[in-house]
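What follows is one structure encoded as structure tokens, with my remarks underneath.
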Amino acid sequence: MRLEEELAEAMEAHVAGVRATPAMGGAIRRRNRAHRLRFRTAGVALATAAVAGAVPVYLSLNAGPAATAPGPAAQPGRGTEVAVVRDVTVPDVVGLHAQKALVVLEAAGLEAQVEGAGGEGDLVVQQTPAAGEKVARGHVVLLTSAPPGPTENPDPTADPDPTEDPGPGDEPSIPNDLGDLGDGRRFGGVEFTYLPEGLQWGEGSVKDGFGKTSYSTWWQEAGLEPGMYSVQAVVYRGQAATELGRRMKGYRDQGARPVEIGGERVYIVRAGESVGRIEEGGTPTAVWTEGAGLAIEVMMSPDYYARLGQEKAEAELKEIVEGVVPGR
Amino acid sequence: MTEEDEAAFDEFLAARSTALLRTAILVCGASQHDAEDLVQNALEKVYRHWSRIRHDNPESYARRVVVNAAISAARRRRVIQEITFARPPDTPAASPDVELREELVEELRRLPARMRAVLVLRYWEDLSENETAALMGCSAGTVKSQAARGLARIRERMGPREGVLG
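Protein chains in written order, with UniProt numbering: chain X, 1 to 328; chain S, 1 to 166.
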């Protein structure tokens, strides 16, 4: 018997008894939720990225650069054996701003998947496959991004955004698109006059992370790690508000009924792990239309909800909603 | 994601997760438990992009993500620990066939991660050189040479076994 066949049999025998558990779907969705603490509508962010060139960031604060360690560059193909499907040479995007890398890769006919801390000024530190590799059009290039180091600027031609705050190099950088919001109660043209006691501003904010013309920030209990939220709010304006309107209709179709709070018809649902889906044990979420082209979403972290207890948590959520006033 | 997307993802898992888990075990040389963790993590990426990729060969996308993750994991493991593969103590005395298979799997594990991945994809998954190359993001020439070198190395380490390994 040839070694190839012998080997195939050995591999088959080695894994023949292995079966994936039916619980895998649930485990995957739980992981997905952990990724979406703040970028819960990653799909929307992606769609925006295609239009505006924004960076799709997936918040995964613990994912260090090791997550997609690149190999030594594989040897270039030998001409005669290059198959017809491989017609794109992967460009070198290491050292570029993640946003720029995305544009470069798209222009080359490739797709990109960015992982990293999620800061807007993050640089690409690794790419797989390596530059120079020939791959099929549409191949997904895995990029690992990280905040720029405090002193180095590996790409002097890149045009760093002067307003960005790279943050300390050894900590995950928290997006801070809207600058210093003070106590975080006024942003996106709206004021949150009520917040539960003990919450302080999370010192970060996201612009257009939930669709174009959306603004978001969050508040946290003392002692919570940076980047975690107890309560997060998103202000949707213009097109983003229209998108949220569709989501509300989806909630209605799933049987949710609005409650009236302070004159507004508010949907309070447990938002599931996938956008737009109600699910038992999902994130307690209030959404409503505040006015023409203005919609608001307030989410309470399931942890915080559990700590407050259902009754108190629901009362607090309603009070937050009631306290929202369009800014002057 | 729509409900239909969710249902399609569940169907996809039912059809493919076992095969992906097996691939991950072979490529990264890990225990089932570690491989499960790895596959869940990789499939979470698939899930994130699901509504976009589900109509465009999600299987090949998923396999690419899993194989890449398995290679990375194998590299990390290599640094942390020299992997040892003692047979579980309660395994009954094996027949020569079984012993040979175990040795082969062990030798497979001693190869560099990408080389092992090539052998798994080519000979266990039975992919062509071109398919393997597309999946791993390298050239078909690389696949060919890595496969040949991998086989040669195993053959060399297994020593002479007349009539067994041609």
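Glycine included, C-beta positions come from ideal geometry on N, C-alpha and C.
Close Cβ partners of X:Gly327 (< 7 angstroms) along its chain, the five nearest in sequence each way excluded: Arg186, Gly189, Val190, Glu191
Which value, in whole angstroms, describes the spacing of the CA atoms of S:Ala30 and S:Leu111? Our two residues, S:Ala30 and S:Leu111, have alpha carbons roughly 13 angstroms apart in a direct line.
Compare the C-beta of X:Ile28 with all C-beta atoms of chain S and state if any pair is closer than 7 angstroms. yes
Can a CB atom of chain X be found closer than 7 angstroms to the CB of S:Thr18? S:Thr18 counts as touching chain X.
By Cβ distance, which residues of its chain are closer than 6 angstroms to X:Thr289, with the 5 residues on each side in sequence left out? Ala295
Against S:Val105, what residues of chain X qualify as contacts under a CB-to-CB distance less than 9 angstroms, listed in chain order? Neighbours of S:Val105 in chain X, taken as residues whose beta carbon is under 9 angstroms from its own, are Leu7, Ala10, Met11, Ala13, His14 in chain order.
Straight-line gap, S:Pro96 to X:Gly17 (C-alpha atoms, nearest Å): 20 angstroms
Buried or exposed: where does X:Glu133 fall if 16 or more other Cβ atoms within 10 Å of its Cβ makes it buried? Looking at its Cβ environment, which holds 16 or more other Cβ atoms inside 10 Å, X:Glu133 is buried.
CB of S:Ser51 within 7 angstroms of CB of S:Met1, strictly: It is a contact, given that the beta carbons lie within the stated cut-off.
Evaluate the contact criterion for the region 248-262 of chain X versus the region 219-236 of chain X: three or more CB pairs, one atom per stretch, below 8 angstroms. no
Starting from X:Ala16 and walking both ways along the alpha helix (DSSP H), at which residues does that stretch end? No alpha helix (DSSP H) holds X:Ala16; DSSP gives it neither H nor E.
Taking the alpha-carbon positions, what's the X:Tyr304 to X:Ala27 distance? 21 angstroms
Quick one: what's got a C-beta closer than 6 angstroms to S:Ile53's C-beta in the same chain, skipping five residues either side? Excluding sequence neighbours, S:Ile53 sits near Tyr61.
How do the region 65-74 of chain S and the region 33-47 of chain S stand: do at least 3 beta-carbon pairs fall below 8 angstroms, yes or no? yes
Could you give the uninterrupted runs of the alpha helix (DSSP H) lying entirely in the region 215-276 of chain X, keeping only those of 4 residues or more? Listed in chain order, they are 239-253.
Tell me the residue span of the beta strand (DSSP E) that contains X:Pro284. 283-291
Can you give me the Cβ contacts of S:Gln146 inside the same chain, cut-off strictly under 7 angstroms, excluding the 5 residues immediately before and after it? Correct list, in chain order: Arg114, Met115, Val118.
So X:Thr21 and S:Gly137 are supposed to be a Cβ contact under 8 angstroms. How far apart are they, rounded? About 30 angstroms separates the two Cβ atoms, so there is no contact after all.
Taking only beta carbons into account, state which residues of the region 176-204 of chain X come closer than 7 angstroms to chain S, listed in chain order. Result list empty, no residue passes.
Could you check whether the region 10-27 of chain S touches the region 277-289 of chain X, counting it as contact only if at least three pairs of C-beta atoms, one from each stretch, sit closer than 8 angstroms? no
Any beta-carbon of chain X closer than 7 angstroms to the one on S:Ile25? yes
So with Cβ pairs under 7 angstroms, would you call S:Asp10 a contact of chain X? Chain X, which has a Cβ nearer than 7 angstroms to the Cβ of S:Asp10, makes this yes.
If X:Gly109 and X:Val88 are in contact, beta carbons under 8 angstroms, what's the gap, nearest whole angstrom? By a beta-carbon distance limit of 8 angstroms, X:Gly109 contacts X:Val88. Their separation comes to about 5 angstroms.
Given a cut-off of 7 angstroms, decide if X:Ala107 and X:Val124 are closer than it, judged by their beta-carbon atoms. no
Member of X:Gly184, X:Arg247, X:Glu243 whose CA lies at the smallest distance from the CA of X:Ser216: Closest in C-alpha terms to X:Ser216, from the list X:Gly184, X:Arg247, X:Glu243, comes X:Gly184.
If you drop the 5 nearest sequence neighbours on each side, which residues of the same chain put their C-beta closer than 8 angstroms to that of X:Glu311? Beyond the five residues adjoining it in sequence on each side, X:Glu311 comes within less than 8 angstroms, by CB distance, of no other residue in the same chain.
Taking the Cβ atom as the reference point for each residue, do X:Trp219 and X:Leu199 lie within a distance shorter than 7 angstroms? yes
Once DSSP output is grouped into helix, strand and coil, what is the label at X:Ala69? Reliability fails at X:Ala69, whose pLDDT of 30 lies under 50, so the model's placement of it is uncertain and the value that follows must be treated cautiously. X:Ala69: coil per DSSP, three-state reduction.
Going by C-alpha to C-alpha distance, which of S:Leu104, S:Ile25, S:Arg64 sits closest to S:Leu43? The option with the nearest alpha carbon to S:Leu43 is S:Arg64.
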